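First up is the structure itself, then whatever we jot down about it.
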Amino acid sequence: MKRIARTSLAGLFLVVVCLAITGVLYEMIGRWRDTRRFPEGGILVQAGSIRMNIDYSGQGSPTVILESGSGGPSVDWLMVQPEVSKFARVCSYDRAGYGRSDSGPEPRSSLQIARELKQLLQAAGEKGPYVLVGHSMGGYNIRVYTGQYPNDVVGIVLVDASHEDQDLRAPESIRKSQQDHHKHPGWKRLKYFFQLNVGWARLTADRDAPEFWPKAFREE
């Protein structure tokens, strides 16, 4: 009986190892394909103590600044920037720690992000006035930027933007999910590392579609 149990455990371990190796290979191939499909754009600019990637195109004034949501690099605007560049100067960029940009100092607050964006635009020679476009969490950042540097900004566009009171107005199930999300940060980092490097996040990416959202959220 013990021999059977040991053999079963060894077999299970071998299956897990094989699945992990397969996942790593799947993720490596996926990243290689992504670099072919979505080539990196922009240039690295020394903005204060860090280098940041900025991608600009088009001509005209005011200049449109695209601010991505949480976890999103400048490539999030891949389909948007070319269209805006037909009638205006437009810039997208990688926040510190995203895409090709260096990591920035902690804490990663909207105030810190706004200061870094100000330094980046000055270093890149991108003069105002600006129309700031913020998606999701980017809505926080552009509102803070506008409060800090009001003379730079002639307009803002909020694209499905986050709001500081959104959790209070959300259904109970969503509030609980948000609270749980901030528990056990060390375990969360380990989980995300696993998901990102063995192909799990890539394999389940379509589950971000609305039909997979919690029922309470869809009804709201």
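The numbering of the sequence shown is the working numbering, which starts it at 139 and goes up by one.
Glycine included, every Cβ here is placed at the ideal spot set by N, Cα and C.
Predicted model, so just to flag it, every value in this text is computed and none were measured.
- When the alpha-carbon of Tyr268 is set against those of Ala261, Asp240, Ala226 and Val297, the nearest one is in Ala226.
- The residues Pro211, in chain order, have a CB closer than 7 Å to that of Tyr236 in the same chain once the five nearest residues on each side in sequence are set aside.
- For Gly263, there is no enclosing beta strand (DSSP E), as DSSP marks it with neither H nor E.
- When the beta-carbon positions are compared, Asn279 and Ile251 come within less than 8 Å of each other.
- Cβ neighbours of Gly276 within its own chain (closer than 6 Å, five residues either side excluded): Glu205, Ser206 and Gly207.
- For Val336, the secondary structure class from DSSP, reduced to helix, strand or coil, is coil.
- Taking the Cα positions, Arg246 is about 31 Å away from Arg171.
- Checking the DSSP bridge columns, you'll see Cys229 partnered with Tyr194 and Ile203.
- Closest by C-alpha distance to Arg340, out of Gly168, Gly198 and Ala143, is Gly168.
- If you draw a 10 Å sphere on the C-beta of Met217, you find fewer than 16 other C-beta atoms in it, and that means exposed.
- In this structure Asp193 is not in contact with Gly209, their Cβ atoms being roughly 18 Å apart against a cut-off of 8 Å.
- Rounded to the nearest whole angstrom, the C-alpha separation of Pro200 and Ala308 is 36 Å.
- Between Ala234 and Glu254, the CB-CB gap stays under 8 Å.
- When the beta-carbon positions are compared, Ser223 and Ser195 come within less than 8 Å of each other.
- Here His301 is exposed. Its C-beta has fewer than 16 other C-beta atoms within 10 Å.
- If you draw a 10 Å sphere on the C-beta of Met190, you find 16 or more other C-beta atoms in it, and that means buried.
- With a contact defined as Cβ atoms closer than 8 Å, Val336 and Gly161 qualify at about 3 Å.
- By the neighbour-count definition (other C-beta atoms within 10 Å, threshold 16), Ser239 is a buried residue.
- Apart from the 5 residues on each side of it in sequence, Leu249 sits with its Cβ closer than 7 Å to the Cβ of Val282 in its chain, given in chain order.
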